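Engineer: Before I ask anything, here is the structure I am working with.
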Amino acid sequence: MIARFGLAGVFLALPLTATGEDTVSLVPKPVQCQRLEGAFSVSPETRIIVGDNADTLLPVARHLAQAIKEQTGYALTVQPGGESQGGVLLSCAAADAALGDEGYALAVGPNSVVIRAARPAGVFYGVQTLRQLLVREEAGSAAAKPARTIPCVQIEDRPRFAWRGMHLDVARHFFDKQFVKRYIDHISACKLNIFHLYLTDDQGWRIQIRRYPRLTEIGAWRSGTQKHYSDGRGDLARYGGYFTQDDLREIVAYAHERFVTVVPGISMPGHSQAALAAYPELSSTGGPFEVWTDWGISKEVMDPGKEEVFEFVENVLSEVIDVFPSRWIHTGGDEVPRDRWKASPYAQARIRQEGLKDEDGLQSYFTKRVERFLNSKGRALIGWDEILEGGLAPNAVVMSWRGTKGGIEAARAGHHVVMTPNQETYFNYMQHKDRRGPGHAAHLPLLAVYHFDPTRGLSPEEAKYVLGGQACLWTEYVPAPADVEYLLFPRLLAMAEVLWSPLEGRSDSEFVRRVPAQLEKLKETGTGYCPDWRE
């Protein structure tokens, strides 16, 4: 039983309805939820009241006001201080420290709504729940009135994991600033708090680096694009684009208002042919190269035997750090062919000079040097699980994508881990067995995502090193925003529940019953999704 909130005017001690919690369709499912009789009516006179910490909560209050306007047409007044009677009160106070940094308590009564939290993030997540609770009143005809009522509930909620991530690859196909903001809206509404923005690969460099202008003059543009995964068909049209640093600062600020941390992804030493097309001297052979027009893994990689490679990397990362306040910087480290290093006099000299065993040791040397630089700037390196090869950098976070084996190994060795096993979290995989719709490769249905557990195979003590999980959306065969949303939903709902809600008591059938109401809300906002998600 949830304790009464002890705030005057929240609601009377009403009994549970006969159907109880099942009448409330929320994703992710709250830790505790009681459905009560009655509803709070939203009208043009309803006020949004900002209680404690008004300065920090005003952006959250304005976010709620905008959401209600979009759903009802009502432009509600936001005011600092005042009585909660007849309004929606947002409160953030140290007295609610037991809720944690991201937890919240939500009380909806017939006469008022109260959201309490210890930190502004918790209030924001309470607002996302409140947005889902806004229901439409059916008119006498088939038409529906705008949302005007909120069912009476008591909710206490907090996340299971600190890292609740979603990734978007803008290197293979470029998505502009406005769509990236829309994407952030999608993930923040689902209470995810990490946006892994993958900015560079063989096929495109998407971030302005002032010290190296050719990265965007040359590296951001390719002379063709492979269109189909099965036969390599493509076109020869020039393709590309990039974000200026001001664009990215705008995206970071937008995400910050929604309590989302943008983690930049800058691939090195592999997946770097776009950079090498601009600065071929960073390679083993000296080029020349073109920005790659195929998918897959290029053999052209940065050569850690060359000192100018580290000068380049540190200069690039210095500008990245200036744009992104994220504690974590993702430096890739995956799928680095050793072919060029084996034949490179520079790489082989470095192996001898540093007493390294082999080319795996050279990759480890590269990662450790990059990590030392990032640590000196107060940042942490995160990389794909290949950074384990040759020995893991001491403070690096491992993002385990080739299944969970690498993540389990790292956690057992006392390293922090983010789980993103491709078989369960890669949203570029198709939602249909018959390969209808966008995407490529394997089949990843909704419930396969729902069955993902980032701590599977770990003891409770080992599981403490798991920061959380993440889904990835690679865009080799995802050229348009509509394709992204088709692949994102409804699987994002499953990932949100995996990362937020308790593991205990999950039910496939119960989750599936809650999905249609969420899809109806997506339809109301013009958001695309896979209509055949049950298949």
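Read in order, the letters of the sequence shown correspond to residues 183 to 717 in the working numbering. Virtual Cβ for every residue (Gly too), placed ideally from N, Cα, C. Given the structure is predicted, the values throughout are model-derived calculations rather than measurements.
Does the region 277 to 289 touch the region 297 to 305, meaning 3 or more C-beta pairs lie closer than 8 angstroms?
Structural biologist: As far as the Cβ criterion goes, the region 297 to 305 touches the region 277 to 289, which means the pair count is three or higher.
Engineer: Report the residue from 331, 706, 260, 377 whose alpha carbon sits nearest the alpha carbon of residue 151.
Structural biologist: There is simply no residue 151 to check, as the chain begins at 183 and stops at 717 in what is shown.
Engineer: Note the first and the last residue of the continuous beta strand (DSSP E) segment covering residue 351.
Structural biologist: Start and end: 345 to 351.
Engineer: Throw me the rounded Cβ distance for the residue 311 and residue 405 pair, which I believe falls under 8 angstroms.
Structural biologist: Not really, about 48 angstroms apart at Cβ, beyond 8 angstroms.
Engineer: Out of curiosity, what's the CA-to-CA distance linking residue 620 and residue 360?
Structural biologist: So the two alpha carbons sit approximately 21 angstroms from each other.
Engineer: Just to confirm my understanding: we take residue 324, look at its own chain, exclude 5 residues before and 5 after, and list those with CB closer than 7 angstroms. What are they?
Structural biologist: Reliability of the predicted coordinates at residue 324 is poor, the pLDDT of 42 falling under 50, and the value obtained from them is presented with this limitation in mind. Same-chain partners within the cutoff: there are none.
Engineer: When the Cα of residue 484 is compared with those of 270, 503, 462, 499, which residue comes out closest?
Structural biologist: Among 270, 503, 462, 499, the Cα nearest to that of residue 484 is on 462.
Engineer: Below 8 angstroms, how does it come out for the region 238 to 246 and the region 207 to 216: are there three or more Cβ pairs, yes or no?
Structural biologist: Judged by Cβ distances under 8 angstroms, the region 238 to 246 makes no contact with the region 207 to 216, as fewer than three pairs qualify.
Engineer: Are the CB atoms of residue 501 and residue 393 nearer to each other than 8 angstroms?
Structural biologist: Yes, Cβ-Cβ distance for residue 501 and residue 393 is below 8 angstroms.
Engineer: Quick one: which unbroken beta strand (DSSP E) runs of 3-plus residues sit fully inside the region 605 to 688? Chain order, please.
Structural biologist: 648 to 653, all fully within the region 605 to 688.
Engineer: Please state whether the Cβ-Cβ distance between residue 555 and residue 464 is less than 8 angstroms.
Structural biologist: No, Cβ-Cβ distance for residue 555 and residue 464 is not below 8 angstroms.
Engineer: Just to confirm, are residue 290 and residue 242 a CB contact at a threshold of 8 angstroms?
Structural biologist: Cβ distance not < 8 angstroms, so residue 290 and residue 242 don't count as in contact.
Engineer: From the DSSP output, in three-state form, read off residue 224 for me.
Structural biologist: Residue 224: coil per DSSP, three-state reduction.
Engineer: Just to confirm before moving on: does the CB-CB distance between residue 382 and residue 457 stay below 8 angstroms?
Structural biologist: Result yes, Cβ atoms of residue 382 and residue 457 sit closer than 8 angstroms.
Engineer: When you compare the region 699 to 710 with the region 651 to 659, are there three or more beta-carbon pairs, one atom per stretch, that lie closer than 8 angstroms?
Structural biologist: No: fewer than three Cβ pairs fall under 8 angstroms.
Engineer: Whole angstroms is fine: what's the gap from residue 575's alpha carbon to residue 535's?
Structural biologist: Computed Cα separation, rounded: 19 angstroms.
Engineer: Given a cut-off of 8 angstroms on the beta-carbon distance, is the pair residue 678 and residue 372 in contact?
Structural biologist: Cβ distance < 8 angstroms, so residue 678 and residue 372 count as in contact.
Engineer: Counting only runs of 3+ residues fully inside the region 547 to 593, write out the beta strand (DSSP E) ranges in chain order.
Structural biologist: Counting whole runs of 3 or more residues, the region 547 to 593 contains the beta strand (DSSP E) stretches 562 to 566, 579 to 582.
Engineer: Evaluate the contact criterion for the region 558 to 566 versus the region 507 to 514: three or more CB pairs, one atom per stretch, below 8 angstroms.
Structural biologist: Output reads yes: the region 507 to 514 touches the region 558 to 566.
Engineer: Using the C-alpha atoms, what's the distance from residue 676 back to residue 636?
Structural biologist: Looking at the two C-alpha atoms, the distance is approximately 13 angstroms.
Engineer: Give me the DSSP bridge partner(s) of residue 289.
Structural biologist: Per DSSP, 296, 336.
Engineer: Just to confirm, is the Cβ distance from residue 487 to residue 526 under 8 angstroms?
Structural biologist: Cβ atoms of residue 487 and residue 526: closer than 8 angstroms.
Engineer: In the structure shown, what three-state DSSP assignment does residue 322 receive?
Structural biologist: At residue 322, the pLDDT of 40 sits below 50, so the modelled position is not reliable; the number obtained from the coordinates is stated separately. Coil.
Engineer: Could you check where the alpha helix (DSSP H) with residue 445 kicks off and where it finishes?
Structural biologist: Residue 445 -> not in any alpha helix (DSSP H); beta strand (DSSP E) instead, spanning 443 to 450.
Engineer: Whole angstroms is fine: what's the gap from residue 271's alpha carbon to residue 287's?
Structural biologist: Approximately 12 angstroms, taken between the alpha carbons.
Engineer: Quick check on the burial criterion: 16 or more other C-beta atoms within 10 angstroms. Buried or exposed for residue 410?
Structural biologist: By the neighbour-count rule (16 or more Cβ atoms within 10 Å), residue 410 is not buried but exposed.
Engineer: According to DSSP, is residue 474 part of a helix, a strand, or is it coil?
Structural biologist: Residue 474 falls in the coil class under three-state DSSP.
Engineer: Helix, strand or coil: how does DSSP classify residue 453 here?
Structural biologist: Correct three-state label for residue 453: coil.
Engineer: With respect to the beta strand (DSSP E) encompassing residue 229, which residues constitute its N-terminal and C-terminal limits?
Structural biologist: Residue 229 -> beta strand (DSSP E) spans 229 to 232.
Engineer: So for residue 271, helix, strand or coil by DSSP?
Structural biologist: In the structure shown, residue 271 sits in a strand (DSSP, three-state: E or B).
Engineer: Using a Cβ distance threshold of 8 angstroms, determine whether the region 217 to 234 contacts the region 261 to 268, with at least three qualifying pairs required.
Structural biologist: Touching, yes.
Engineer: Cα-Cα, which of 391, 547, 240, 532 is closest to residue 494?
Structural biologist: Here the closest residue by C-alpha is 391.
Engineer: Helix, strand or coil: which one does DSSP assign to residue 382?
Structural biologist: Note: residue 382 maps to strand in three-state DSSP.
Engineer: To the nearest angstrom, how far is it from the Cα of residue 673 to the Cα of residue 627?
Structural biologist: Roughly 8 angstroms separates the two Cα atoms.
Engineer: So the alpha helix (DSSP H) residue 310 belongs to, where does it begin and stop?
Structural biologist: Start and end: 302 to 315.
Engineer: I need the DSSP call for residue 213, collapsed to helix, strand or coil.
Structural biologist: In this structure, residue 213 counts as coil in the three-state DSSP scheme.
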